[in-house]
Amino acid sequence: MTYRKKLIEVALPLEAINQESAREKSIRHGHPSTLHLWWARRPLAACRAVLFASLVDDPSSYPDKFPTEEEQEKERQRLHDLIGRIENIETRGKSTQTVRGLVSWDDITNTSVVEEAQREIARCLAWEKGDEPPTKPEEVAEYLSKHAPPIYDPFCGGGSIPLEAQRLGLEAHGSDINPVAVLITKALIEIPPKFANLPPVNPDYRKNYLKTKTWYGAQGLAEDVRYYGQWMREQAFKRIGYLYPKVNLSQESGDAKATVIAWLWARTVKCPNPVCGCQMPLVRSFELSTKKGKEAWVEPIINRSQQPPVVSFQVKSGKGKPLNETVSRKGAICISCSTPMPLDYVRAEGKAGVMGAKLMAIVAQGQGGRAYLPPNEEHEKIAASVKPEWKPETELVGKAAVNVPLYGMTKYADLFSLRQLVALTTFSDLVREAREKILSDAVAFEIPDDSLPLCKGGKNATAYADAVATYLALAVDRLSDRNSTICSWDTGRDSTRNTFARQAIPMTWDFAEANPLSESTGNFIGAVDWIAKVIEISPCRTQGFVQRIDATKSEIYAKSIVVSTDPPYYDNIGYADLSEFFYVWLRRSLSFIYPDLFSTIIIPDKERELVATPYRFGGSKQKAKEFFETGLGETFKRMREMAHDGYPLTVYYAFKQTETDDEVSLTEGKGNGDSRASTGWETMLEGLIKAGFTITGTWPMRTELSNRTIASGTNALASSIALVCRPRSETAPSATRRQFVNILKRELPDALQKLQQGNIAPVDLAQASIGPGMEIYSRYSKVLESDGKRMPVRIALQLINQTLDEFLAEQEGEFDAETCFALIWFEQHTFNEGLFGDAETLSKAKNTAVQGLVDAGILTAKAGKVRLLRRDELPKNWNPQTDNRLTVWEATQHMIRELQDGAGNQGAANLLSQLGTIGEAARELAYRLYNICDRKGWAAEGVAYNSLVISWPEISRLAAETEESTPLQMALL
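If you number the sequence shown the way the numbering used here does, the last residue is 1149 and the count never jumps.
See the structure below:
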């Protein structure tokens, strides 16, 4: 099967993509992830880059336009710079890196950046069709609407992939079996374009209506969400404001009343000691604030004059130390009598329904920030007097039922305090009332009303009211995430944590009950504002389409659609189980608007969710595994049927770990203890290959910086891998093991060379090399072993790893003798001492001598021991031009020293400008050294070599500037 190679099948600017993906974690206001919580979202930067590179041709696909490798590489670099380029910015003498281009969240707000990307996509479409490429933005948009293939994600989840397709001017489609995921994606890509460029309809806007005012994109929609959200808050205050009384501040503040931000509670159980019997608080931390200069904590007071003793609390601040926790994973201890007890006792009390809660402290808005106040009896009585009219009685199951049911919390209603239930029910019911008000205001604003709802394709007044109400319901969902008894108090930020701080519902002992009517953490207006900020910068470039579909059975989409998807990975996340926390509130708020999504009491079709969950199969892990693998295979088959022949399929794989399998042989009949392959890879790749795909690329996508060493002591690896696939020809031949190995050794080195030329980080090289390696393996219908059996994917992966090792080892032939010695000595000893005799033997084998290595500044030799010089021992005034025995090893270590502890990129560049051809060899040596560190588990040392490579583009640029300025300086002298 012939096709034009896309950029993603050759090279990507991975480091820029990954740096921006990592930075996305810290971007909040306006970022689509803040619309509504969803688990394991793909970074938007990665999705945007993958889609763009899947649609744009690699320059090698047009040898008539780019006839030489140099021209192709130049054009490829231009496309890489468009996607993402790392720039150094000097601020007050400090150099910081920033990413510019299409992957930059800051840059995509600049329409010219997105328009340039759209122009490139249109240019490739036009070249393919023989048309003159459009250049003006409006012409490009029209051309894309007519000729660009639609993009489809059958596991749309949080909507990242279809949203970025829409941003690139492409028709975006998404589907998911989970109704919560479908609603989130609708709110991102389907609703905003329907009401693009329209003014708001609220009365305040009508009073101040200016015909000259222009509303772009979804700005008008966002304005109405804010207005009617404020209306809901005002109505809620009228109805339940009495449940949230203000509190008196200290006498120093004139006994002024302040709004409460949160009430901090501790769960309690009765002490089992019959002599004591107090209601003992279960507290993980008595700290209130750990901010410097604002330290505060709770100090318990025990009144033993009563029987049983009574525990109360007071607030302390300034210098001092709070008491230790009274509950941990090991058990609990009574604060009154010091009686220890196992968690089983606490669990039994919870299941018996006698676990209580006691107010520890009140957080209020003081004049200079947070004010921490002691418990207030009136406030505690108000909280206890509340009687909710409705509760979500749905049972917790699966991933949602791992922890809290052990303590008697078996229903969703059990996760909320009585006051929280009343508040959430009130706001949820107000969504319906707000929707009626919006409809009335829209009609008054002379928007036609055809009574056609949003779920039926409506675009007029009724549909608009449905749309605004949808976002208001999402705000109620955001409120629920910050208003459960699972929320704890963040002492470092003086704010509430959300329920889903991780992908589970954990047990929380001391919890924070936020005030939804305040203007601080966990309030309703804050939730509305987060959502409005997402809406007002929505792309609105093309229409989006989202449906609730089972990806394993759907035949709704025809051929010639481009599929890019992030399928669920095995049993990592129970999406249906966890999202039911939100479903119970969405059903109450929106079932009248989306009856097809929220008609059932629990999330529908849970048993069909593509997750290996044993409890759905009577506890059988094997049946769960078979269900997942069969379903994934069926999904891949359907993708194969609908895949566009001219474009690759991209699938994100959630990276887990690499395993060592000593029992699998790399060569027939021989084992190898360093064989590396991943069982997760095997499942995913086998499924794609059996479905009729050939793998043409594997790109590591990281959400951690590649120069960081994580706590486990290993280099930060990819959090996911983007697999690039093409449909395999139905007439593809088979191959023998020998043929496969020979072709692998012939073709893989060229692909690896291109990856290195693209400056791929050493930490990513092994994972990226799987792409071209698996392309060779999967181009055949099967690869046969000598006994006639099909070679499994696992063996192919290990052979690819072996070929990578051989490729890096062969590069050693380009190094000088001293560097070759240092490489082997490093692999055996790192920078530790070894015997002089061993060094002498090795030096002779490499045609050098120990004394020569000492003279070259590589070794130190004393008292019969030899050791490689550490970087901190290297001379700081080293000058390559006066070194009469210059080696690649020396150059590499000196550049890393400058990069880490010297003048940074500029210092390394100054050296590179003096190294000549040795400079490029130093970069190749860094790849080899990283490979050794990776195999040996030397994470910290590996980071040094990885950092040199990823900094290379900037070092090279600065070195070129240095070389240009040197002749001018000499002339002036």
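Cβ coordinates follow ideal geometry from the N, Cα and C atoms, glycine included.
**Asked** How would you call Leu-1149, buried or exposed, if buried means at least 16 neighbouring beta carbons within 10 angstroms?
**Response** Taking the first residue of the sequence shown as position 1, residue 1149 is located at position 973. Any reading at Leu-1149 needs caution, since the residue's pLDDT is 38, under 50, leaving its predicted position unreliable; the model's value is listed next. Burial call: exposed.
**Request:** May I ask you to report which of helix, strand or coil DSSP gives Ile-416?
**Result:** By one-based count along the sequence shown, residue 416 stands at place 240. Helix at Ile-416.
**Prompt:** Which runs of the alpha helix (DSSP H) fall wholly inside the stretch 286-345 and span at least 4 residues, in chain order?
**Reply:** 287-305, 313-323 and 336-343
**Request:** Can you give me the start and stop residues for the beta strand (DSSP E) that Glu-475 sits inside?
**Result:** Counted from its first residue, the sequence shown places residue 475 at position 299. 472-479 is the extent of the beta strand (DSSP E) around Glu-475.
**Asked** In chain order, what residues of the same chain lie with their CB nearer than 6 Å to the CB of Leu-920, ignoring the 5 residues before and after it?
**Response** For the purposes of this step, residue 920 is taken as the residue at position 744 of the sequence shown. Same-chain partners within the cutoff: Ile-952 and Thr-979.
**Prompt:** Ordered along the chain, which non-local residues of its own chain (more than five positions away) have a Cβ less than 8 Å from that of Ser-910?
**Reply:** Position 734 of the sequence shown, counting from 1, holds the residue named residue 910. Correct list, in chain order: Tyr-956, Ser-957, Lys-958, Val-959 and Leu-960.
**Request:** Can you say whether Gly-873 is buried or exposed, counting buried as having 16 or more other CB atoms within 10 angstroms of its CB?
**Result:** Numbered from its first residue, the sequence shown carries residue 873 at position 697. Counting Cβ neighbours within 10 Å, Gly-873 comes out buried, since at least 16 surround it.
**Asked** What are the boundary residues of the alpha helix (DSSP H) that Val-226 is part of?
**Response** Indexing the sequence shown from 1 puts residue 226 at position 50. Segment 220-231, the alpha helix (DSSP H) holding Val-226.
**Prompt:** From which residue to which residue does the alpha helix (DSSP H) around Cys-996 run?
**Reply:** As a first step, residue 996 is located in the sequence shown; it is residue number 820 there, counting from the start. Element bounds for Cys-996: 993-1005.
**Prompt:** Under three-state DSSP, which class holds Ser-882?
**Reply:** Residue mapping note: residue 882 aligns to position 706 of the sequence shown, counting from 1. Annotation note: pLDDT 44 at Ser-882 (below 50); position unreliable, coordinate value reported separately. Residue state, collapsed to three classes: coil.
**Prompt:** Who are the Cβ neighbours of Val-491 in its own chain at under 8 Å, not counting the five residues just before and after it?
**Reply:** Stepping through the sequence shown from its first residue, residue 491 is reached at position 315. Result list for Val-491: Leu-464, Ala-472, Trp-473, Val-474, Glu-475, Ala-537, Tyr-548, Leu-549 and Pro-550, in chain order.
**Start-to-end residues for the alpha helix (DSSP H) that takes in Cys-1109** = As a working mapping, residue 1109 is identified with position 933 in the sequence shown. Run containing Cys-1109: 1094-1112, per the alpha helix (DSSP H) assignment.
**Prompt:** Which residues bound the beta strand (DSSP E) around Val-436?
**Reply:** On the sequence shown, residue 436 is found 260 positions in, with the first residue counted as 1. It spans 436-446 - the beta strand (DSSP E) in which Val-436 sits, taken as one unbroken run.
**Asked** Which one or two residues does DSSP pair with Glu-571 in a beta bridge?
**Response** Against the sequence shown, residue 571 aligns to sequence position 395. According to DSSP, Glu-571 bridges with Lys-587.
**Item:** Those runs of the alpha helix (DSSP H) which lie wholly inside the stretch 510-553 and span at least 4 residues
**Value:** 519-527
**Message:** What ranges does the beta strand (DSSP E) occupy inside the stretch 603-666, keeping only unbroken runs of at least 3 residues that lie completely in it?
**Reply:** none
**Item:** Own chain, CB closer than 6 Å to Ile-713, minus 5 neighbours either side, in chain order
**Value:** Looking up residue 713 in the sequence shown gives position 537. Result list for Ile-713: Gly-206, in chain order.
**Prompt:** Helix or strand or just coil, what does DSSP make of Phe-812?
**Reply:** Here residue 812 refers to the residue found at position 636 of the sequence shown. Reduced to three states, the DSSP call for Phe-812 is helix.
**Request:** Check whether the Cβ atoms of Ala-434 and Glu-689 lie closer than 9 Å to each other.
**Result:** Walking along the sequence shown from the start, residue 434 turns up at place 258. Walking along the sequence shown from the start, residue 689 turns up at place 513. Contact: no.
**Asked** Is the stretch 625-642 close to the stretch 192-203, with three or more CB pairs under 8 Å?
**Response** no
**Prompt:** Should the stretch 281-292 be regarded as contacting the stretch 786-796, the criterion being three or more beta carbon pairs within less than 8 Å?
**Reply:** no
**Request:** With a 10 Å radius around its C-beta and 16 neighbouring C-beta atoms as the bar for buried, classify Ala-528 as buried or exposed.
**Result:** Against the sequence shown, residue 528 aligns to sequence position 352. Flag for Ala-528 reads exposed.
**Asked** Do you know how far the Cα of Asp-926 is from the Cα of Leu-320?
**Response** Numbered from its first residue, the sequence shown carries residue 320 at position 144. Numbered from its first residue, the sequence shown carries residue 926 at position 750. Going from the Cα of Leu-320 to the Cα of Asp-926 covers about 34 Å.
**Asked** How should Ser-905 be labelled, buried or exposed, when 16 other C-beta atoms within 10 angstroms of its C-beta is the threshold for buried?
**Response** Within the sequence shown, numbered from 1, the residue matching residue 905 stands at position 729. It is exposed - the Cβ of Ser-905 has fewer than 16 other Cβ atoms within 10 Å.
**Prompt:** Thr-672 and Thr-697 look like a contact to me (Cβ under 8 Å); what is the Cβ gap, rounded to whole Å?
**Reply:** For the purposes of this step, residue 672 is taken as the residue at position 496 of the sequence shown. For the purposes of this step, residue 697 is taken as the residue at position 521 of the sequence shown. Thr-672 to Thr-697, Cβ: 5 Å. Contact.
**Request:** Apply the 10 Å Cβ neighbour rule to Asp-838 and answer buried if 16 or more other Cβ atoms are within range, or exposed otherwise.
**Result:** Within the sequence shown, numbered from 1, the residue matching residue 838 stands at position 662. Note that Asp-838 scores 38 on pLDDT, short of 50, meaning its location in the model is unreliable and no value can be drawn from it.
**Asked** Along the chain, where does the alpha helix (DSSP H) that runs through His-1070 open and close?
**Response** The residue labelled residue 1070 in the question sits at position 894 within the sequence shown. Looking at the DSSP string, the run of the alpha helix (DSSP H) that includes His-1070 is 1064-1077.
**Item:** Backbone secondary structure at Trp-875 - three-state DSSP
**Value:** Residue numbering aside, residue 875 sits at position 699 when the sequence shown is read from its first letter. Three-state result, Trp-875: strand.
**Asked** Buried or exposed: which applies to Lys-846, given that a residue is buried once 16 or more other Cβ atoms fall within 10 Å of its Cβ?
**Response** Within the sequence shown, residue 846 is the residue found at index 670, counting from 1. Confidence is the limiting factor: at Lys-846 the pLDDT is only 33, short of 50, which leaves the residue's position unreliable, though a coordinate-based value still follows. It counts as exposed.
**Message:** Quick check on the DSSP output: the beta strand (DSSP E) that includes His-349 runs from which residue to which?
**Reply:** Residue mapping note: residue 349 aligns to position 173 of the sequence shown, counting from 1. Note, His-349: beta strand (DSSP E), 348-352.
**Asked** Across which residues does DSSP place Thr-907 in a beta bridge pair?
**Response** Locating residue 907 in the sequence shown gives position 731, where the first residue counts as 1. Note: Thr-907 sits in no beta bridge, so no partner.
**Item:** For Thr-444 and Met-456, believed in contact at Cβ under 8 Å, the rounded distance
**Value:** Walking along the sequence shown from the start, residue 456 turns up at place 280. Walking along the sequence shown from the start, residue 444 turns up at place 268. Confirmed, Cβ separation roughly 6 Å.
**Message:** What does the alpha-carbon distance come out to for the pair Asn-1081 and Ala-867?
**Reply:** Your numbering for residue 1081 matches position 905 in the sequence shown. Your numbering for residue 867 matches position 691 in the sequence shown. Spanning the two alpha carbons is a distance of roughly 47 Å.
**Request:** With a threshold of 16 other CB atoms inside 10 Å of the CB of Asn-1203, please say whether the residue is buried or exposed.
**Result:** Summary: the structure shown does not reach residue 1203, with the chain confined to residues 177 through 1149, and so no result is reported for it.
**Item:** Assigned secondary structure, Met-818 (DSSP; H/G/I helix, E/B strand, else coil)
**Value:** Looking up residue 818 in the sequence shown gives position 642. Here Met-818 sits in helix by DSSP.
**Prompt:** Across which residues does DSSP place Leu-980 in a beta bridge pair?
**Reply:** Taking the first residue of the sequence shown as position 1, residue 980 is located at position 804. Bridge partners of Leu-980: none, in fact.
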